[in-house]
Amino acid sequence: MKTSIAHLPQQKQDLINHIIKIIVEKIQPEKIILYGSYATGKWVEDEYEEDGRWYDYISDYDFLVITKSGEKKSDYEVQEIVEHRMGLNVQVSAITHDIDYINGKLSEGQYFFSDIQKEGILLYDSGNVPLAKRRELSINEKQSMMQNDFNNWYTTAKSFLKGVYFYLKEGDLKIATFMLHQSAERTYNTVILVFRGYKPKTHNLEKLHRYAKHFSVELAQVFPQNSEIEKHLFNLLKKGYVEARYDKNFTISREEVQSLIEKVSKLQLITETICNRKINSLE
Numbered sequence: 007m008k009t010s011i012a013h014l015p016q017q018k019q020d021l022i023n024h025i026i027k028i029i030v031e032k033i034q035p036e037k038i039i040l041y042g043s044y045a046t047g048k049w050v051e052d053e054y055e056e057d058g059r060w061y062d063y064i065s066d067y068d069f070l071v072i073t074k075s076g077e078k079k080s081d082y083e084v085q086e087i088v089e090h091r092m093g094l095n096v097q098v099s100a101i102t103h104d105i106d107y108i109n110g111k112l113s114e115g116q117y118f119f120s121d122i123q124k125e126g127i128l129l130y131d132s133g134n135v136p137l138a139k140r141r142e143l144s145i146n147e148k149q150s151m152m153q154n155d156f157n158n159w160y161t162t163a164k165s166f167l168k169g170v171y172f173y174l175k176e177g178d179l180k181i182a183t184f185m186l187h188q189s190a191e192r193t194y195n196t197v198i199l200v201f202r203g204y205k206p207k208t209h210n211l212e213k214l215h216r217y218a219k220h221f222s223v224e225l226a227q228v229f230p231q232n233s234e235i236e237k238h239l240f241n242l243l244k245k246g247y248v249e250a251r252y253d254k255n256f257t258i259s260r261e262e263v264q265s266l267i268e269k270v271s272k273l274q275l276i277t278e279t280i281c282n283r284k285i286n287s288l289e
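Our numbering numbers the first residue of the sequence shown as 7 and each following residue consecutively.
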């Protein structure tokens with residue numbers, strides 16, 4: 007594997023090395039691999055205006071943190087440790103699994119982890135356990151996996167959205183909000199599975215949005231967070247998983263539900279387009 011980040015500006019190198027130091031200090035992992043846009047040199051830091059609104063698009067720092075055999079750490083734990091120490095201006099996406107899980111997936115040919123081994127940069131290695139040799143999937147195998155994931159997750163995402171209309175008609179806005187959350191969650195997971203072959207261990211829509219936005223600028227624009235209204239709507243949607251079901255004080259208006267229906271519908275249209283394009287690109 008590659009081990010150098012010399013292709014990055016010195017400021018980025020210093021920041022990444024500081025992140026590695028924090029993770030090693032707190033987690034004592036077996037290995038830490040930088041993957042994604044900073045590993046490939048395709049990171050983005052962009053701010054632009056469209057239809058009178060300003061958007062920003064900033065790449066996360068993506069890390070695969072491989073822990074000792076049998077040691078379980080949550081993705082949140084690593085992200086929150088780093089972001090707490092580094093400040094809110096640094097967005098870290100960390101995926102955490104133990105060495106046995108990773109080596110098992112590499113041996114199976116799971117293409118997300120195989121691509122990380124192929125394109126990622128090994129920045130910390132305890133030297134205790136080697137990574138397994140990855141099995142290369144055929145194009146047909148990879149395409150079949152993508153199509154199956156799309157069929158499964160996108161179909162159920164659409165079904166949950168149908169449920170939203172039912173509960174909206176019934177006047178049960180809380181359950182409609184929960185169904186909206188489920189539809190959005192499964193839509194994001196559709197994108198992530200098709201493009202990466204891996205589903206993050208979370209129901210948190212903000213984290214899923216951060217994972218999925220790398221694959222489409224249009225996808226990132228559905229919930230742009232560039233106004234108080236946009237922030238409020240996304241916050242209501244995030245609350246759909248817990249508060250809408252269990253908090254007696256949770257409230258949402260019919261108009262807000264309808265606005266979220268429009269957004270989740272748009273999310274699904276974009277998802278269908280980019281996933282089909284991705285699957286067909288392998289032919």
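Glycine is no exception: its CB is placed at the ideal position from the N, C-alpha and C atoms. Being a predicted model, the structure only gives us computed values, none of them experimental.
Apart from the 5 residues on each side of it in sequence, E224 sits with its Cβ closer than 7 Å to the Cβ of I276 in its chain, given in chain order. For Y204, there is no enclosing alpha helix (DSSP H), as DSSP gives it neither H nor E. CA-to-CA, the gap between H24 and T257 works out to about 43 Å. If you draw a straight line from the Cα of S165 to the Cα of M185, it comes to about 9 Å. Where H215 is concerned, the enclosing alpha helix (DSSP H) starts and stops at L211 to A218. Taken through DSSP and simplified to helix, strand or coil, H13 comes out as coil. For V98, DSSP records a beta bridge to Y67. Note on N109: 16 or more other CB atoms within 10 angstroms of its CB, so buried under the neighbour-count rule. Distance from G203 to F118 at the Cβ level is roughly 4 Å; contact confirmed, criterion being Cβ atoms closer than 8 Å. For K272, no beta strand (DSSP E) segment is defined; the enclosing uninterrupted segment is the alpha helix (DSSP H) at R260 to N286. With at least 16 other beta carbons inside 10 angstroms of its own, P35 counts as buried.
Taking each of S259, K27, S43 and R216 in turn and checking the Cα distance to E125, the smallest one comes out for S43. Q123 has its alpha-carbon roughly 46 Å from the corresponding atom of L179.
Annotation: V71 to A100 spans about 7 Å, alpha carbon to alpha carbon.
For T73, the three-state secondary structure derived from DSSP is strand. Membership of D121 in the alpha helix (DSSP H) is indicated by the continuous run Y117 to E125. Here T196 is near W159, since their CB atoms are less than 8 Å apart. E36 sits in coil when the DSSP states are folded into three classes, being neither helix nor strand.
Of the candidates R91, V96, K79 and E86, K79 places its Cα closest to the Cα of T102.
A straight-line Cα-Cα distance of about 17 Å links G177 and H187.
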